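Engineer: Each residue of the sequence shown is one higher than the one before, counting from 787 in our numbering.
Note that the Cβ used here is the ideal one computed from N, Cα and C, for glycine as well.
A quick note: this is a predicted structure, and the numbers were derived from the prediction, not measured.
Would you mind keeping the following structure in view while I ask a few things?
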Amino acid sequence: MKKYLAVFSLFLYSCSSKPSPTQIIGKLNIYQPSIIVLEEGKQVETKEGFYTPQTEEVWHSDKRFRELERRGY
C-alpha cells in the first residue's frame, strides 16, 4: 500500500511541477515588426514561393494597418 501511495504522490508532484500551456504562451517573446519595407527587384522567399517586388513596397502588420485605418476616419 505504501508503494502505491509513493507512486501516486510522485505522479501528483510531476503533474503539478509542469507549467500549463497558458503559462508557456504568456512567456513567449515573438517579435513581429510593425512595418516591412521590400526593395525593388530584391527577391523575397515566402511560404508560397519567391516574390520579386516591381517597386519599393511597404507592408504593415495587421495591428498597425488597423491603427492607420482608424486614423483615416
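#1: Determine the DSSP secondary structure at residue 835, reduced to helix, strand or coil.
#2: Would you kindly work out how many angstroms separate the C-alpha atoms of residue 851 and residue 823, rounded to a whole number?
#3: Let me check one thing: in DSSP terms, what residues is residue 824 bridge-paired to?
#4: Among 825, 816 and 818, which one has its Cα closest to the Cα of residue 843?
#5: Sorted by chain position, which residues of the same chain lie with C-beta nearer than 6 Å to residue 836's C-beta, five sequence neighbours on each side aside?
Structural biologist: Taking the definition as stated:
#1: In the sequence shown, residue 835 corresponds to position 49, counting from 1. Strand.
#2: Looking up residue 851 in the sequence shown gives position 65. Looking up residue 823 in the sequence shown gives position 37. The alpha-carbon atoms of residue 851 and residue 823 are separated by roughly 14 Å.
#3: By one-based count along the sequence shown, residue 824 stands at place 38. For residue 824, which the question treats as bridged, DSSP gives the partners 843.
#4: Counting from one through the sequence shown, the residue named residue 843 turns up at place 57. Comparing Cα-Cα distances from residue 843 to each of 825, 816 and 818, the minimum goes to 825.
#5: For this step, residue 836 is matched to residue 50 along the sequence shown. The residues are 829.
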